[in-house]
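To keep things clear, I will list the structure first and then write my remarks on it.
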Amino acid sequence: MGNIPKRKMVDTDNIVDPMLPLPYQVERVRKDTYDTFTVELKSADGKRQFPFEAGQFNMVYVFGVGEVPISISGDPSRPEVLVHTIRAVGLVTEAMRKLRPKDLVGVRGPFGNHWPMEEAEGNDVVIVAGGIGLAPLRPALYHIISHREKYGRIFLLHGARTPDDLLFMKEIERWRGRSVMEIHVTVDRALGNWGGNVGVVTTLIPKAGFDPVNTVAMVCGPEIMMRFTVLDLRGQGLETSKIYVSMERNMKCGIGLCGHCQFGPTFICKDGPIFSFDQIQGMFAKREI
Amino acid sequence: METLRPIIVEHAFFKGFKPEHIDLIVGCASNVRFNAGEFLLRAGEEATQFFILRQGKVALEQFAAERGSIIIQTLGEGDILGWSWLVSPYQWVFDARAMELTRAIAFDGKCLRTKCEEDHDLGYELLKRFTPIIARRLEATRIQLLDIYGKYSEKKNGRHG
Chain H
1 MGNIPKRKMV DTDNIVDPML PLPYQVERVR KDTYDTFTVE LKSADGKRQF PFEAGQFNMV
61 YVFGVGEVPI SISGDPSRPE VLVHTIRAVG LVTEAMRKLR PKDLVGVRGP FGNHWPMEEA
121 EGNDVVIVAG GIGLAPLRPA LYHIISHREK YGRIFLLHGA RTPDDLLFMK EIERWRGRSV
181 MEIHVTVDRA LGNWGGNVGV VTTLIPKAGF DPVNTVAMVC GPEIMMRFTV LDLRGQGLET
241 SKIYVSMERN MKCGIGLCGH CQFGPTFICK DGPIFSFDQI QGMFAKREI
Chain A
1001 METLRPIIVE HAFFKGFKPE HIDLIVGCAS NVRFNAGEFL LRAGEEATQF FILRQGKVAL
1061 EQFAAERGSI IIQTLGEGDI LGWSWLVSPY QWVFDARAME LTRAIAFDGK CLRTKCEEDH
1121 DLGYELLKRF TPIIARRLEA TRIQLLDIYG KYSEKKNGRH G
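Top line first, the protein sequences correspond to chains H and A.
If you read the first sequence in my numbering, its first letter stands for residue 1, the second for the next number, and so on.
If you read the second sequence in my numbering, its first letter stands for residue 1001, the second for the next number, and so on.
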């Protein structure tokens, strides 16, 4: 494996103490699906902004329960509000589901590197999102939309388990209506009253019709989904150096100290979570790693 | 049928076929159209055709009395629908329903089977093209079976936001 190129990593110098959670107040909670919800946070003193790059994550602490890594799903051009979209799958995220306006949580971050927005300029961009994987990609979509002239054709390929699991559909329909990108949505299973596509998200890739020579792909979802997505993107002629994936491991400290998220010679929290596939293909889907 | 020749020759599925094989295939082809809600094929019926979808969307589905129709896969423009005409006992296993106005080229399976028996090179060329389609659909089905977006799948080392 080559050296991990240092795109923009976490700048812990700008964080007063990266291990100290700062209090943030819940402004709004919105139910997205039966198990997924979005919380909007503002600093408890109402003064602090939260600048971040698309693809970064925070450690979010529910006091008395625990702390988990959550990607930022909001608009990078709106640092006054911190947005997280969360799927309730464990103790802490279940507690987060019960959050209500004015509740306080602790936030450390932002941590990690970001989607290759600069590298993608001048190229077509294929965004492949599986399930909750759309949440960390949404800031990249916001960035592209607000800098639309810098990019070529944009393809959003979104897969979910069922129609009820599809995230941000109102927003996606708005984007579709404004013709800012080509959007293809599919689900793994559906009943007869569903009018959209049924099939795994990889089936959308050959039909998208992008030019592999001038395309950058950003992929986020369960690792199995990313593995098959990368295979299909490569099958369409995309080089592995132009395919970026967002990895997930057991992030704890967020600054590469504790070692919980070690992934071969890298730490996901510090060197990632976003890697170009050529950086990690030797380790990807290896059961020993 | 000759009017279908340019469409058939242009389709990726038939790329590389010898002209004499294209002649045989064109002889088994017909232009068909289905309105939304019409069935292209029904489970249990004799599998006599396969289709190249030119326009529209088709749901491959199974009816369950307690749940209604369950869509297994959708197919659209450019896709190939149906391989049961190749596999004994030549019966459709699922229903295929047009979700919207669908235009397709239908190929007479019995006609093609007869021609393949007479010309094994034609049979081999067809199988070479159907096998990857079957393999890819099997692979996709296996991924669906993994339930990769299920709660358990995303709990350990998984993504929850």
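Using N, Cα and C, we set each Cβ at its ideal position, and we do this for glycine too.
What you are looking at is a predicted structure, and each value in this text was computed from that prediction instead of being measured.
*chain A partners of T33 (chain H), CB-CB under 7 Å?*
The residue you call residue 33 (chain H) lines up with position 33 of the first sequence. Chain order gives no chain A residues near T33 (chain H), where near means a beta carbon separation below 7 Å; the closest approach is about 11 Å.
*Could you pull out every unbroken alpha helix (DSSP H) segment of at least 4 residues lying fully inside the region 34-104 of chain H, listed in chain order?*
Within the region 34-104 of chain H, the complete alpha helix (DSSP H) runs of at least 4 residues are 91-97.
*Report the partner residues of Y151 (chain H) according to the DSSP bridge assignment.*
Position 151 of the first sequence holds residue 151 (chain H). The partner list for Y151 (chain H) (beta bridge, DSSP) is empty, contrary to what the question assumes.
*Can you list the residues of chain H that T1074 (chain A) reaches, using a CB-CB cut of under 7 Å?*
Within the second sequence, numbered from 1, the residue matching residue 1074 (chain A) stands at position 74. Close partners of T1074 (chain A) in chain H (Cβ separation under 7 Å): N197, V198 and G199.
*4 or more residues per run - each alpha helix (DSSP H) lying fully within the region 146-230 of chain H*: DSSP runs (the alpha helix (DSSP H)) wholly in the region 146-230 of chain H: 169-177 and 205-208.
*asked:* Determine whether the beta carbon atoms of M181 (chain H) and F210 (chain H) lie at a separation below 8 Å.
replied: Stepping through the first sequence from its first residue, residue 181 (chain H) is reached at position 181. Stepping through the first sequence from its first residue, residue 210 (chain H) is reached at position 210. The Cβ atoms of M181 (chain H) and F210 (chain H) lie no closer than 8 Å to each other.
*asked:* Relative to the C-alpha of Q1073 (chain A), which candidate in A:Y1124, A:Y1149, A:L1145 and A:G1161 has its C-alpha closest?
replied: By one-based count along the second sequence, residue 1073 (chain A) stands at place 73. With distances taken between Cα atoms, Q1073 (chain A) lies closest to A:L1145.
*Could you confirm whether any beta carbon from chain H is found closer than 8 Å to the beta carbon of Q1055 (chain A)?*
The sequence position of residue 1055 (chain A) within the second sequence is 55, counting from 1. For Q1055 (chain A), the answer is no, since every Cβ of chain H falls outside 8 Å of its Cβ.
*List the residues of chain H that L1146 (chain A) touches, going by C-beta distances under 7 Å, in chain order.*
Working through the second sequence from its first residue, we reach residue 1146 (chain A) at position 146. Neighbours of L1146 (chain A) on chain H, chain order: I224.
*Neighbour list for L233 (chain H) in chain C, Cβ cutoff strictly below 9 Å*: Here the protein chains are H and A, and chain C is not one of them.
*Do D1108 (chain A) and T1048 (chain A) have their CB atoms nearer than 8 Å?*
Residue mapping note: residue 1108 (chain A) aligns to position 108 of the second sequence, counting from 1. Residue mapping note: residue 1048 (chain A) aligns to position 48 of the second sequence, counting from 1. The Cβ atoms of D1108 (chain A) and T1048 (chain A) sit closer than 8 Å to each other.
*Which of the three DSSP states, helix, strand or coil, is assigned to P110 (chain H)?*
Along the first sequence, one-based indexing puts residue 110 (chain H) at 110. P110 (chain H) sits in a strand when the DSSP states are folded into three classes.
*For I1008 (chain A), decide whether its Cβ has a neighbour in chain H, counting only Cβ atoms nearer than 8 Å.*
Taking the second sequence and counting its residues from 1, one reaches residue 1008 (chain A) at position 8. With 8 Å as the cut-off, I1008 (chain A) does not count as an interface residue toward chain H.
_DSSP-derived helix/strand/coil call for T1048 (chain A)_ = Numbered from its first residue, the second sequence carries residue 1048 (chain A) at position 48. It is coil, neither helix nor strand.
*Decide if the region 148-165 of chain H is in contact with the region 117-126 of chain H; the criterion is three or more beta carbon pairs, one per stretch, under 8 Å apart.*
Per the Cβ contact rule, the region 148-165 of chain H is in contact with the region 117-126 of chain H (3 or more Cβ pairs under 8 Å).
*For Q1091 (chain A), does the count of other Cβ atoms within 10 angstroms reach 16, so buried, or fall short, so exposed?*
Position 91 of the second sequence, counting from 1, holds the residue named residue 1091 (chain A). Result: exposed.
*Got a sec, what are the start and stop residues for the beta strand (DSSP E) K31 (chain H) sits in?*
The sequence position of residue 31 (chain H) within the first sequence is 31, counting from 1. For K31 (chain H), the enclosing beta strand (DSSP E) stretches over residues L22 to K31.
*Buried or exposed: which applies to F111 (chain H), given that a residue is buried once 16 or more other Cβ atoms fall within 10 Å of its Cβ?*
Looking up residue 111 (chain H) in the first sequence gives position 111. The residue in question, F111 (chain H), is buried, as its Cβ has 16 or more Cβ neighbours within 10 Å.
*Taking only the alpha-carbon atoms, compute the straight-line gap between P23 (chain H) and I70 (chain H) and give it to the nearest angstrom.*
Position 23 of the first sequence holds residue 23 (chain H). Position 70 of the first sequence holds residue 70 (chain H). Answer to the nearest angstrom: the Cα atoms are 16 Å apart.
_Residues of chain H with CB closer than 8 Å to the CB of E1177 (chain A), please, in chain order._
Residue 1177 (chain A) is absent from the model: chain A starts at 1001 and stops at 1161.
*is_contact[V89 (chain H), chain A] using C-beta, thresh 8 Å*: Counted from its first residue, the first sequence places residue 89 (chain H) at position 89. Taking a beta-carbon distance threshold of 8 Å, V89 (chain H) counts as an interface residue toward chain A.
*What does R161 (chain H) touch in chain A if you count any residue whose Cβ is under 9 Å from its own?*
Counted from its first residue, the first sequence places residue 161 (chain H) at position 161. The answer, in chain order, is D1147, I1148, Y1149 and G1150.
_Spatial neighbours of M1 (chain H) within its chain, please: C-beta separation below 6 Å, excluding the five flanking residues on both sides._
Translated into the one-based positions of the first sequence, residue 1 (chain H) becomes position 1. Bear in mind that a pLDDT of 45 at M1 (chain H), under 50, signals an unreliable position, so the number given afterwards is only what the model happens to contain. When the five nearest sequence neighbours on each side are left out, the beta carbons in the same chain lying within less than 6 Å of the beta carbon of M1 (chain H) are those of G282, in order along the chain.
*Would DSSP call K1057 (chain A) helix, strand or coil?*
Counted from its first residue, the second sequence places residue 1057 (chain A) at position 57. Residue state, collapsed to three classes: strand.
*asked:* With DSSP as the reference, identify every bridge partner of I127 (chain H), one or two as the case may be.
replied: Along the first sequence, read from residue 1 onward, the residue named residue 127 (chain H) stands at position 127. Looking at the DSSP assignment, I127 (chain H) forms a beta bridge with H:L156 and H:M218.
*Say yes only if the C-beta of G1109 (chain A) is nearer than 7 Å to one or more non-hydrogen atoms of the ligand ATP, and no if none qualify.*
Of the ligands one can find in the structure shown there are none, so the ligand ATP has no counterpart to examine.
*Among the residues of its own chain, which have a CB less than 6 Å from the CB of S77 (chain H), if the five just before and after it don't count?*
By one-based count along the first sequence, residue 77 (chain H) stands at place 77. Excluding residues within five positions, the ones whose Cβ falls inside 6 Å are S146.
*asked:* Between H:M19, H:V83 and H:M225, which has its C-alpha nearest L157 (chain H)'s C-alpha?
replied: The residue given as residue 157 (chain H) occupies position 157 in the first sequence. Comparing alpha-carbon positions, the option among H:M19, H:V83 and H:M225 lying closest to L157 (chain H) turns out to be H:M225.
_Tell me the residue span of the beta strand (DSSP E) that contains I280 (chain H)._
Taking the first sequence and counting its residues from 1, one reaches residue 280 (chain H) at position 280. Premise fails: I280 (chain H) lies in the alpha helix (DSSP H), F277 to I280, not in any beta strand (DSSP E).
*In angstroms, rounded to a whole number, what distance separates the CA positions of W194 (chain H) and D1095 (chain A)?*
Counting from 1 along the first sequence, the entry for residue 194 (chain H) is found at position 194. Counting from 1 along the second sequence, the entry for residue 1095 (chain A) is found at position 95. For W194 (chain H) and D1095 (chain A), the gap between their C-alpha atoms comes out near 16 Å.
*Considering only C-alpha positions, which residue in the set H:F50, H:A129 and H:L191 is nearest to R1097 (chain A)?*
In the second sequence, counting from the first residue as 1, residue 1097 (chain A) sits at position 97. Answer by Cα proximity: H:L191.
_the region 1012-1023 of chain A touching the region 258-271 of chain H, judged by at least three CB pairs closer than 8 Å_ = Because the criterion of three Cβ pairs below 8 Å is not met, the region 1012-1023 of chain A and the region 258-271 of chain H do not touch.
*asked:* Taking the beta carbon of I289 (chain H) as the centre, do at least 16 other beta carbons fall within 10 Å, making it buried, or is it exposed?
replied: Here residue 289 (chain H) is taken as the residue at index 289 of the first sequence, counted from 1. Counting Cβ neighbours within 10 Å, I289 (chain H) comes out exposed, since fewer than 16 surround it.
*Say whether chain H places a C-beta atom closer than 8 Å to the C-beta of G961 (chain A).*
As displayed, chain A neither begins before 1001 nor continues past 1161, which places residue 961 (chain A) out of reach and without an answer.
*Interface residues of chain A around T266 (chain H) at Cβ under 8 Å?*
In the first sequence, the residue the question calls residue 266 (chain H) occupies position 266. Those do not exist, as T266 (chain H) stays about 15 Å from chain A at its closest Cβ, beyond 8 Å.
*In terms of residues, what are the limits of the beta strand (DSSP E) holding A1029 (chain A)?*
Taking the second sequence and counting its residues from 1, the one referred to as residue 1029 (chain A) is at position 29. Segment A1029 to F1034, the beta strand (DSSP E) holding A1029 (chain A).
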